[in-house]
Amino acid sequence: YLAYNEHDQNFEIPMAEARRFGPARQNRFLRSINQRATSGFQHLYAQYYITEAIRRGENPGHPLHAVHEFVNGEAWLDFMRKLTGEPAVNATDCLASLYGPGHFLTDHDDSHPRRQRVAAYVLGMTRNWNRNWGGHLVFFDSAGNIERGLIPAFNTLNIFLVPQSHAVQQVTPFASGMRLSVTGWLHR
889 YLAYNEHDQN FEIPMAEARR FGPARQNRFL RSINQRATSG FQHLYAQYYI
939 TEAIRRGENP GHPLHAVHEF VNGEAWLDFM RKLTGEPAVN ATDCLASLYG
989 PGHFLTDHDD SHPRRQRVAA YVLGMTRNWN RNWGGHLVFF DSAGNIERGL
1039 IPAFNTLNIF LVPQSHAVQQ VTPFASGMRL SVTGWLHR
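Our numbering numbers the first residue of the sequence shown as 889 and each following residue consecutively.
And the structure:
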């Protein structure tokens, strides 16, 4: 799915449908995405929301569903309780994301009005990324300066407490690879 938001509403378009956008429709779509990004939270990337697919009964037996089982297993949850210092962690959700050229996730802190998120995680699945291609996971200080930036990489696990101001920088138009990860949140 191509995932994006309009203000506080999240949307998914099947990738096959997004590929059929004609030039005029694609330009209108991207123009509206970019306009909203100038002054508020905005995201645009491809995703397979594993937790939601399982909840809806979609794609039984899909290989990515095993990731959901793993991050909700007692070994993972117990490790996360110890790592975060939060004994009430009892569930994890996950999604697979793909950031290609033009994809991004603007500054946000992962707070959610209906969910008690403790921490976020990013399991990096990206091989041979060039630092000039963008797509870095960046963390901001209170003045908006980048405190830390992490290049997309393979077999990495980044975990951070929520809320924390962060973003995924836009992937450049000349990137010849895709930024791949499994990401999600630990919940009370």
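Every residue gets a Cβ at the ideal spot worked out from N, C-alpha and C, and that includes glycine.
C-beta contact flag for residue i and residue j at 8 Å
i: Gly-1037; j: Arg-1067; result: no
i: Leu-983; j: Ala-934; result: no
i: His-931; j: Phe-992; result: yes
i: His-1075; j: Ala-954; result: no
i: Asp-981; j: Gly-1072; result: yes
i: Leu-1011; j: Ser-1064; result: no
i: Ala-1008; j: Phe-1048; result: yes
6 Å CB neighbourhood of residue i in its chain, flanking five on each side removed
i: Glu-974; result: Val-1006
i: Ile-901; result: Leu-890
i: Arg-969; result: Pro-975, Val-977
Element boundaries [alpha helix (DSSP H), containing residue i]
i: Leu-912; result: A small fix is needed here, since residue 912 is Ala in this sequence, not Leu. 911-925 is the extent of the alpha helix (DSSP H) around Ala-912.
Run of the beta strand (DSSP E) containing residue i, from where it starts to where it stops
i: Ala-891; result: 890-894
i: Arg-907; result: First-last for Arg-907: 903-907, but that is the alpha helix (DSSP H), not the beta strand (DSSP E).
i: Gln-883; result: The chain is shown only over 889 to 1076; residue 883 falls outside these bounds and no answer can be derived.
i: Trp-1073; result: 1067-1075
i: Asn-1046; result: 1042-1049
What ranges does the alpha helix (DSSP H) occupy inside the stretch 943-1012, keeping only unbroken runs of at least 4 residues that lie completely in it?
953-959, 962-972
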